[in-house]
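**Q** Got a structure for you, questions after.
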Amino acid sequence: MFATVTHMIPAATGAPATLPAFPVPDDLCDAVGTDHLPRGRTLHCTGDACLSLALALVAPATRLGAWLAVVGIPSLGAQAAAEQGVALERTIFVHPPTGGTEWAASLAALVEGFDVALVGAAPSVSSTHVRRLQARVQARRALLVVVDVAAAWPGARPVAPWVAPDLVLRATTRAWEGLEQGGGHLRRRQVALRVEGRRAGPPREHLLWRPA
Amino acid sequence: MRWADALATLGDQVPLLEPAAEGRCIFAARGPSRVMGGDDEMARRLVALVAAHAIPGARARVGVGVADSRFAALVAAHEALTASIPVVVAPGDTPAWLAPRTVRLLARCAEVEPEVVGLLERLGLARLGDLAALEESLVAGRFGALGLEMHRLARGDDRHPVLVVAPPPVASCREVFDGAIPDAATVVAAAARLAGPFLAHFAARGALVTHVAVRCEHESPSGFGAFERLWYLPEGCTAATLVERVGWMLRDRRGGAVTALEVRAEGARAATGRQLGLWGGRSPGDDAALRAIDRLHATLGEAALRVAAPSGGRDPAEAYAFVPLAARGEDAAAPSPWRGAIPRPSPALLAAPGAPIEVCDAAGARVRVSARHEPSGEPARVRLGARDFAVVGWAGPWPVEERWWDPSRRRRRARMQVVVRDDTGAHVAMLVALEDGAWRVAALYA
Chain A
1108 MFATVTHMIP AATGAPATLP AFPVPDDLCD AVGTDHLPRG RTLHCTGDAC LSLALALVAP
1168 ATRLGAWLAV VGIPSLGAQA AAEQGVALER TIFVHPPTGG TEWAASLAAL VEGFDVALVG
1228 AAPSVSSTHV RRLQARVQAR RALLVVVDVA AAWPGARPVA PWVAPDLVLR ATTRAWEGLE
1288 QGGGHLRRRQ VALRVEGRRA GPPREHLLWR PA
Chain B
9 MRWADALATL GDQVPLLEPA AEGRCIFAAR GPSRVMGGDD EMARRLVALV AAHAIPGARA
69 RVGVGVADSR FAALVAAHEA LTASIPVVVA PGDTPAWLAP RTVRLLARCA EVEPEVVGLL
129 ERLGLARLGD LAALEESLVA GRFGALGLEM HRLARGDDRH PVLVVAPPPV ASCREVFDGA
189 IPDAATVVAA AARLAGPFLA HFAARGALVT HVAVRCEHES PSGFGAFERL WYLPEGCTAA
249 TLVERVGWML RDRRGGAVTA LEVRAEGARA ATGRQLGLWG GRSPGDDAAL RAIDRLHATL
309 GEAALRVAAP SGGRDPAEAY AFVPLAARGE DAAAPSPWRG AIPRPSPALL AAPGAPIEVC
369 DAAGARVRVS ARHEPSGEPA RVRLGARDFA VVGWAGPWPV EERWWDPSRR RRRARMQVVV
429 RDDTGAHVAM LVALEDGAWR VAALYA
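Just so you know, the protein sequences line up as chains A and B, in that order.
According to my numbering, the first sequence holds residues 1108 to 1319 in order.
According to my numbering, the second sequence holds residues 9 to 454 in order.
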């Protein structure tokens, strides 16, 4: 009942020391074109459903013991993250400094220790810093998921990713189920998920319902 | 007999006496009860003890109550005062014992405002048992955090139990004076000096001290002595409260000049922070993450690193709070869903403090929500900055009234889910809220 004041006692995970790859949620495998995400990759998520897509992609890893750093998305809905299956007890929300160099340094320090980084808008960072960061992600065999948070707003213009992603995922909501005029509530949505990238072969688009 | 003398007399018989207010004190009964041969015998002896020390001719009435929670024990003690015999509630019987009693006791014994108690009565909740029988989420939905607290009291639970055993590693600070200090001001100044490092020790670990024991050792021509008090500070000990308590103790003291002062933490809880990580053991991955956290702590400062802790609330933004990394403490369990919470799925992006937006009906007039929670028209268009979107679906409005019993702090708003279609064909869902006549985006289902 009472607290014992000691230093932080870290987590038991029961998972292997390092996962060789991060599993993709079952309902996304067809659309993403694989059932696992290799370590060391950089992903870019955009479209109005970018954030729930990104959360769903990283959730299985956190449940298997991986640590997640959410960087520069102060408005992330933790409840939604929990509903997507993210293990919040191994999730840290980081607000790095907005200066480009310090920001890049903070992110580099995070990648040293965290398996997965979910990163929102970046301040203007030099291409050298970005290259170094991605090299570090590869060397540390982490997973970097960049989210185009601005795309969540209606009528958002697509922006070029500030990283050189291995995979670009665009999630666009085509329909919502559950609303009547005034009644009901949002239940699930039909998402058009378009996947392309230098490691993904020709672009393809899948329609799927989420939550499934 | 002065209250301070009564405290001192009791303090010789029971360990860790907790003065609650003038005329009231609380202690964990298990130990003394065992020593004195049971609750009834203990209560009888304490009454006799205080009565024996009473000034002849002065009216000193003593009531002793024993129960499973602080609140129930206090209620029992009040009844004991009227009945002139101790009231002992058997272990486990506290909820049933409280049930038939009036909710007004919440005001008398637990500092709940009388207006709130009046509201409970008007809602038909005259007995504590009526309140305890309600679902917790329902009370929370109606009264917020205060409701949870009242529900807990009515059930016979305590926010923090009265200390029975001291938790392990006890942290204390001690100052031994060069020679005995006769004047209180110098001792209080010493308390202020001790408070800094003492509290910093806990703050650095993200903990709040809820039970602090203060010990004064003194010396007089008749010999050496010491007196000790336990202070229960549910909101957490601060330097100011600690110094104040030491001042009270010195004002009421017996004995001579003070030779040493000691403050000791007997209980602590997490400073609204949340324990990071889980139970036992650790993996190499955990070590690496914690090292990275340590490094970032050092370079970015504590404010830059947060964890999500369930906090409970009707709005998506209130369900979790981002709190600083903290030492381990009592970990809040995920709260049961609040009545009036928006059903799942929850929005992934919260738009705090809320971008202004205009929600209009087909005629272009702003949609308003009546006191009966009915919209003035069907939402047809949504204007966001200079842009305008067609509404393809909507639900609500769902009202929220917070602190509705307090006209100066009440907050009333209506929330609605709207789905708009943009020029790319995307159906973007938003949670919008109307408050003080203005619509804002509360969250996006990103």
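Ideal Cβ positions, reconstructed from N, Cα and C, are used throughout, including at glycine.
1) Since D431 of chain B meets chain A, which of its residues come closer than 8 Å, beta carbon to beta carbon?
2) Rank B:V74, B:V331, B:A316 by C-alpha distance to the C-alpha of A1189 of chain A and give the top, closest one.
3) What is the DSSP secondary structure of W11 of chain B, reduced to helix, strand or coil?
4) Using a Cβ-Cβ distance cut-off of 8 Å, determine whether H3 of chain B contacts chain A.
5) Which runs of the alpha helix (DSSP H), 4 residues or longer, sit entirely within the region 187-217 of chain B?
6) Please list, in chain order, the chain A residues whose beta carbon lies closer than 7 Å to that of A312 of chain B.
7) When you compare the CB of W1210 of chain A with every CB in chain B, is at least one pair closer than 8 Å?
8) How should F1200 of chain A be labelled, buried or exposed, when 16 other C-beta atoms within 10 angstroms of its C-beta is the threshold for buried?
9) Evaluate L146 of chain B with the Cβ neighbour count: other Cβ atoms within 10 Å of its Cβ, from every protein chain shown; 16 or more gives buried, anything less gives exposed.
10) Any Cβ of chain B within less than 8 Å of the Cβ of A1259 of chain A?
11) What residues in the region 1205-1236 of chain A have a beta carbon less than 7 Å from any beta carbon of chain B?
12) Is the beta carbon of P318 of chain B less than 8 Å from the beta carbon of A325 of chain B?
13) What does a CB cutoff of less than 6 Å around D166 of chain B pick up in its chain, not counting 5 residues either side in sequence?
14) In chain order, what residues of the same chain lie with their CB nearer than 8 Å to the CB of L139 of chain B, ignoring the 5 residues before and after it?
15) In angstroms with no decimal places, state the Cα-to-Cα distance between A1229 of chain A and A312 of chain B.
16) Anyone know if the C-beta pair for V436 of chain B and V449 of chain B falls short of 8 Å?
17) Hey, T267 of chain B and H226 of chain B: beta-carbon distance below 8 Å or not?
18) Should T1280 of chain A and R1306 of chain A be called a contact, given that it needs their Cβ atoms to be closer than 8 Å?
19) Contact defined as beta carbons within less than 8 Å: I believe H1202 of chain A pairs with G1179 of chain A. What is the distance between those atoms, to the nearest angstrom?
20) Check whether the Cβ atoms of A398 of chain B and D369 of chain B sit closer than 8 Å, and answer yes or no.
21) In chain order, what residues of the same chain have a beta carbon less than 8 Å from the beta carbon of Q1241 of chain A, not counting five sequence neighbours either side?
22) Sort out for me which residues DSSP pairs D396 of chain B with in a bridge.
23) Check the Cβ of Y453 of chain B against every Cβ in chain A and list those closer than 7 Å, keeping chain order.
24) Determine the burial state of T1153 of chain A: buried for a count of at least 16 other Cβ atoms within 10 Å of its Cβ, exposed for fewer.
25) If you follow the alpha helix (DSSP H) that W1269 of chain A is part of, which residue opens it and which one closes it?
26) Near R376 of chain B, what residues of its chain come up, given a Cβ to Cβ distance below 6 Å and the 5 sequence neighbours on each side ignored?
27) Does the structure place the region 84-101 of chain B close enough to the region 39-56 of chain B that three or more beta carbon pairs sit under 8 Å?
28) Under a three-way DSSP split, which group does H219 of chain B fall into?
29) Touch check for the region 1254-1261 of chain A and the region 1282-1289 of chain A: three-plus C-beta pairs under 8 Å?
30) In this structure, how does DSSP classify S1234 of chain A when only helix, strand and coil are distinguished?
31) Specify the secondary structure class of I1199 of chain A as computed by DSSP and reduced to three states.
32) Taking the C-alpha atoms as reference points, what is the distance between R1301 of chain A and V1165 of chain A?
33) Using a Cβ cut-off of 8 Å, which residues of the region 1142-1168 of chain A contact any Cβ in chain B, in chain order?
34) Identify the continuous alpha helix (DSSP H) that holds L6 of chain B and give its terminal residues.
35) In whole angstroms, what is the alpha-carbon distance linking A234 of chain B and L269 of chain B?
36) Could you check what DSSP says for L439 of chain B in three-state terms: helix, strand or coil?
**A** The structure says:
1) G1262
2) B:A316
3) helix
4) Missing from the structure shown is residue 3 of chain B; chain B here goes from 9 to 454 and no further.
5) 192-211
6) V1201, H1202, P1203
7) no
8) buried
9) exposed
10) yes
11) S1213, A1216, L1217, E1219, G1220, F1221, D1222
12) no
13) S77, R78
14) V111, L128, L133, V147, M158, H159, A162
15) 16 Å
16) no
17) yes
18) no
19) 7 Å
20) no
21) T1149, L1251, V1270, A1271
22) B:R391
23) L1293
24) buried
25) First-last for W1269 of chain A: undefined, no H or E at that position.
26) S384
27) yes
28) strand
29) no
30) helix
31) strand
32) 18 Å
33) G1154, D1155, A1156, C1157, L1158, S1159, L1162
34) The first residue shown for chain B is 9 and the last is 454, placing residue 6 of chain B beyond what the model contains.
35) 10 Å
36) strand
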